[in-house]
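Notes follow the structure.
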Amino acid sequence: MGSEHLSNDVRRLRFENGQITQQQLADRVGVTRQTIIAIEAGNYAPSLPLAFRIARTFGVPIEEVFRYDE
Amino acid sequence: MSKFQKSAWFNLGFLTIGSLFALLCFYWAAGRIEEGFNYINVILFLLMLCFIVPVVYIIGQKKSYEACFDEREKMINQRATSFSLWSLLIVLYLTCFVPFVAFGGGNIIKVVYLPVIFIFTVLTAQLIKSIAIIVQCTLEEKNG
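Line by line, the protein sequences are chains A and B.
Under my numbering, the first residue of the first sequence carries the number 196, and numbering increases by one thereafter.
Under my numbering, the first residue of the second sequence carries the number 295, and numbering increases by one thereafter.
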């Protein structure tokens, strides 16, 4: 339980999907740019609905975007 | 800076100026209050009401505005709210028990201090909430 971490590939997927900006992704999933920044930096673990919305935006399964590291 | 941070800064500025103004007005008025029922007391009561009602209205407006915040901002807001409530309890405890320790249980406190305690505790809670939001956002930006 001590060293759990949720890592993600949001930044990489943004660049692979037409280099969309943080603001554009934020608008598409309905959050602020600061939230996308926090998610990319690993400072904030999004809720399941938001995680699914982000994965759906990139057209990939959720486990391709977020990984649970123990 | 996001709307969330801007609203926290606005809240902080508004409440700082408001609390200073309220305490100054009260300090000025308290010196003119006579004992017992008096028309000055009634006027003062109405003036305080004129101050408190807009403050409550603005806080209420902000609550409905907060519905537009996203999930991360709501989480920061909840954390700040619980922090401010704990601070409120500590401030109330200190306000009530420090005079008790300093002056002893058999002493008498002037009634004029009761509204001051009310204004002070409510504004302290709001100020601490704003500061907690600003600090959390700043720390996130630094770490990001």
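Backbone N, C-alpha and C define an ideal beta-carbon position, used for all residues, glycine too.
None of these values were measured; they are calculated from a predicted model.
Residue i CB to nearest heavy atom of the ligand GTP below 7 Å
i                 : result
Phe363 of chain B : Judged by which ligands are present, the structure shown has none, so any question about the ligand GTP falls away.
Which of helix, strand or coil DSSP assigns to residue i
i                 : result
Phe264 of chain A : Note on identity: in this sequence residue 264 of chain A is Asp, with Phe being the wrong assignment. Correct three-state label for Asp264 of chain A: strand.
Ser296 of chain B : coil
Asn203 of chain A : strand
Val347 of chain B : helix
Tyr239 of chain A : coil
Val410 of chain B : helix
Val405 of chain B : coil
Thr141 of chain A : The structure shown has nothing for residue 141 of chain A, since chain A only spans 196 to 265.
Gly254 of chain A : coil
Asn335 of chain B : helix
Gly400 of chain B : coil
Asn305 of chain B : helix
Gln214 of chain A : coil
Endpoints, alpha helix (DSSP H) assigned at residue i
i                 : result
Asn371 of chain B : 365-397
Gln217 of chain A : 217-224
Own chain partners of residue i with C-beta closer than 8 Å, once the 5 adjacent residues on each side are dropped
i                 : result
Thr415 of chain B : Leu382, Val385, Leu386, Thr389
Val260 of chain A : Asn203, Asp204, Val205, Leu208, Ala246, Ile249, Ala250, Phe253
Ile352 of chain B : Phe308
Own chain residues within Cβ distance below 6 Å of residue i, not counting five before or after
i                 : result
Ser378 of chain B : Ala419, Ile422, Lys423
Assigned exposure category for residue i - 16 Cβ within 10 Å defines buried
i                 : result
Ile448 of chain B : Not covered by the structure: residue 448 of chain B. The range shown for chain B is 295 to 438.
Residues of its chain near residue i, where Cβ-Cβ distance is below 7 Å and the 5 sequence neighbours each way are ignored
i                 : result
Asn401 of chain B : none
Short CB-CB distance (under 8 Å) between residue i and chain C
i                 : result
Tyr239 of chain A : In summary, chain C is missing from the structure at hand, where the protein chains are A and B.
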